[in-house]
Every structure is written in structure tokens, then in C-alpha cells.
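In full-length UniProt numbering, the protein residues as written are 1 to 109. Just so it is clear, CB atoms sit at the ideal spot from N, CA and C, and this is done for glycine as well. Just so you know, these numbers come straight off a predicted model, no measurement behind them. First the structure, in the form of C-alpha cells, and then the observations on it.
As C-alpha cells, then:
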């Protein structure tokens with residue numbers, strides 16, 4: 001996939017248990033993709049079809065166990081799986097994902 005086909009890219013940590021898997025989050029017109037950096041213990045790519053995303057929520061991430069930072073996104077899939085990301089500009093990133101999802105869904109009359 002060429003970089004021109006990306007709607008938005010940026011650094012993101014995908015939370016897996018206590019570890020934040022550092023990498024990049026790519027939004028295309030059909031997918032949300034997290035590609036980890038090579039230095040992570042947990043590596044790989046997580047790809048979600050936008051059609052499979054049920055909700056996108058802005059959440060507070062915890063600092064020393066206290067929910068303080070407004071830099072989180074919680075993505076819930078149609079089958080109930082929850083993925084949490086730590087991102088910059090979470091509100092804007094969430095809006096971008098929601099807009100891409102809405103473009104994917106056909107209008108129902």
C-alpha cells in the first residue's frame with residue numbers, strides 16, 4: 001500500500017496487558033492498521049476492517065493508576081473485542097476514524 005492511500009498516520013501504542021506496543025497507526029479508507037516497531041517484545045501488525053468496528057471512544061489513560069491523560073482511544077469490534085491505543089490528539093484521531101467508518105457504510109433508506 002502506498003503512503004498516498006493513507007488518510008492519517010501517526011505514532012501509537014497498542015496496549016497489550018501492561019505493555020504498550022509502540023508503533024505506527026495507519027488509517028486507510030477501509031482499514032485501521034497498527035504496525036509495531038522492531039524493538040518491541042510483542043511485535044507484529046494488527047489490522048481491523050473499518051466495517052468490523054462497532055464503536056470508537058475517547059478514553060483517559062492511567063498515570064500511576066490514576067486516569068488522568070486524555071490520550072486514549074478504545075476501539076470495540078462487532079464481535080466485542082476491545083483494543084486500546086495511546087495516541088497524540090486522540091479526539092482528532094477518533095473523529096478521523098469515525099468519518100472513515102461512516103464513508104464505508106452504505107446509506108440505508
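From the DSSP output, in three-state form, read off residue i for me.
i, result
"residue 75", "strand"
"residue 90", "helix"
"residue 81", "coil"
"residue 97", "helix"
"residue 6", "coil"
Roughly how many angstroms lie between the CA atoms of residue i and residue j, to the nearest whole one?
i, j, result
"residue 12", "residue 57", "15 Å"
"residue 2", "residue 96", "Since pLDDT at residue 2 reaches only 49, below the 50 mark, its modelled position is unreliable, and the value read off the structure follows with that caveat. Their Cα atoms are separated by approximately 19 Å."
"residue 28", "residue 22", "19 Å"
"residue 5", "residue 20", "27 Å"
"residue 42", "residue 16", "8 Å"
From which residue to which residue does the beta strand (DSSP E) around residue i run?
i, result
"residue 32", "31–36"
"residue 49", "45–49"
Going by beta-carbon coordinates alone, are residue i and residue j separated by less than 7 Å?
i, j, result
"residue 73", "residue 90", "yes"
"residue 52", "residue 31", "no"
"residue 46", "residue 37", "no"
"residue 100", "residue 7", "yes"
"residue 61", "residue 86", "yes"
DSSP puts residue i in a beta bridge; with which residues?
i, result
"residue 23", "12, 36"
"residue 69", "61"
"residue 28", "The partner list for residue 28 (beta bridge, DSSP) is empty, contrary to what the question assumes."
May I ask you to check if the CB of residue i is nearer than 6 Å to at least one heavy atom of the ligand GTP?
i, result
"residue 87", "Judged by which ligands are present, the structure shown has none, so any question about the ligand GTP falls away."
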